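Asker: With the working numbering applied, the sequence shown covers 63 to 467.
Below is the structure I would like to discuss, written out as structure tokens.
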Amino acid sequence: MALAVTLTAVPLISQSRPPAQGPAVDGSPAWFLQGSFPDPTGRTIVDKDGRVTVPPRGTGAPASAPAAVGLDTPPCRRSPLCGKRGGVSRQSLQRVEWKQTMGYTFEYPYVLPPGFGGVPAVALDSKGNLWAFQRADAGKPQLFKFNALAKLILQVGPDVIGYQDKAHGMAVDSEDNIWITAANGATVMKISPEGKLLMTIGERGRRGDWDEARGQRLLWQPVSIAIAPNGDVYIGEGHANESPNDADSDDAANNIGAARIIHLDKNGTFVNQWFGNEAGQGKFSSAHGLAIDPRNGDVWIGDREEYRIVVYSSDGRFLKTIQMRNLVCALRFDSHGEPWMATGQDGQFLKLDRDGKVHGAIGNGMGIGPGQFIEASYWAMDAQDNLYAGDTSVGRITKMVAPRR
């Protein structure tokens, strides 16, 4: 009888569903939930006006197929991050979208050469030229330069940079050199404004730990890159549960497998590194986004799958964690020194304050329609607050035009 009384005294757990929308509050726009869209993984056709069609399967090999270049990235193993986490599939997720109140419009003036392959990153140089980094098929150019009138003026082919296996992040330094990362290729390359290879960090196809004491300078899934005002280079490594993780493997050169930040000077000389690969304060299981705060040099890290921003000082001291409602896919600071973030498969670009409060949003969510993105990732902004972005899963470049003031 005592047991029966105890059980009946336990309150029932509420079965109510979480809200599907929220009002504008304290300077943030209203938000709502929106369904996902099937990921075409780069197999798209984009016309000159930016309209996207997804061809039927069987009409060509997917872009960046490892078999096309004789490379194969081993699967994740020996790590708690390996394998699918519980829950529904990504295509079944309801994604947080924010009401667009900033008045931006969408244009498609940049036309890439025909062929499959998404555009995970774009960057602007000091002359207004736009660089685009594409996951094109093996043997085709992957790095393109457009002038300020959106005319294609340079293609950097595999004779210069080889095949960029899983083309990923990109940044421009103060001398207009382009830095690109190949996640599976395990390299970071520095390219001149004229398209000449100046430096390679890491060894192509050989992922592993950076161990300065041993003179071992290998990279493991370099996904993001940021350049500090003094020219220092910060490399973000690790897709977390999406990456091969060889902790405790038999390869003595590759047995940490942790998401990390590597800090080099402008000449590629090692300065520092620090690790994540855990949950909790000061930790990160992914380093997908990376940006340098122009006010103080702090390093902002986008811990994508944990929906959070982790902030460190320039010398690797943990400062704070900012929890977000959205995937934190990419980060950058605008010409006014204010932080923004790309929400990945949530398909928007968000204007933030330094506490992570959302003050505005641009983008129509996940999809292939006007103003939509399958994955909003590494993007660029000009002095007029216009945004330029590719799409990791669609071969399209979108210009988001700021309203005239």
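Ideal placement from N, C-alpha and C gives every residue a C-beta, glycine not left out.
Nothing here was measured: the structure is a model prediction, and the numbers come from that model.
1) I need the DSSP call for S254, collapsed to helix, strand or coil.
2) Out of I323, C391, G433, which one is the CA nearest neighbour of F380?
3) Can you give the Cα-Cα distance for A451 and V158, rounded to whole angstroms?
4) Given a cut-off of 9 Å on the beta-carbon distance, is the pair L216 and G270 in contact?
5) Between which two residues does the beta strand (DSSP E) containing P91 stretch?
6) Can you tell me where the beta strand (DSSP E) holding I240 begins and where it ends?
7) Within 10 Å of its beta-carbon, does A129 have 16 or more other beta-carbons around it, so buried, or fewer, so exposed?
8) Enumerate, from N- to C-terminal direction, the unbroken beta strand (DSSP E) stretches of 3 or more residues contained entirely within the stretch 307-384.
9) Could you tell me which of R79, P80, A82, V87 sits nearest to V420, measuring between CA atoms?
10) Rounded to a whole number of angstroms, what is the C-alpha to C-alpha distance between N448 and L186?
11) What's the C-alpha gap between G201 and G298?
12) Beta-carbon within less than 8 Å of V184's beta-carbon, same chain only, minus the 5 sequence neighbours each way: which residues are those?
13) In angstroms, rounded to a whole number, what distance separates the CA positions of T331 and L259?
14) Ignore the nearest five residues each way along the sequence and tell me which others in D415's own chain have a CB closer than 8 Å to its CB.
15) Among E265, S78, P175, T103, which has the Cα closest to the Cα of D109?
16) Buried or exposed, going by whether 16 or more other CB atoms sit within 10 Å of the CB of Q335?
17) Count the C-beta pairs between the stretch 311-321 and the stretch 244-251 that are closer than 8 Å, then say yes if the count reaches three, no if not.
Answerer: According to the structure shown:
1) coil
2) I323
3) 20 Å
4) no
5) Note, P91: premise wrong, no beta strand (DSSP E); not H, not E.
6) 240-244
7) At A129, the pLDDT of 42 sits below 50, so the modelled position is not reliable; the number obtained from the coordinates is stated separately. A129 comes out exposed.
8) 322-326, 332-337, 351-354, 361-365, 370-374
9) V87
10) 11 Å
11) 27 Å
12) L192, W193, A194, F195, M232, Y440, W441, A442, Y450, A451, G452, I459
13) 18 Å
14) E400, P401, H421
15) P175
16) buried
17) no
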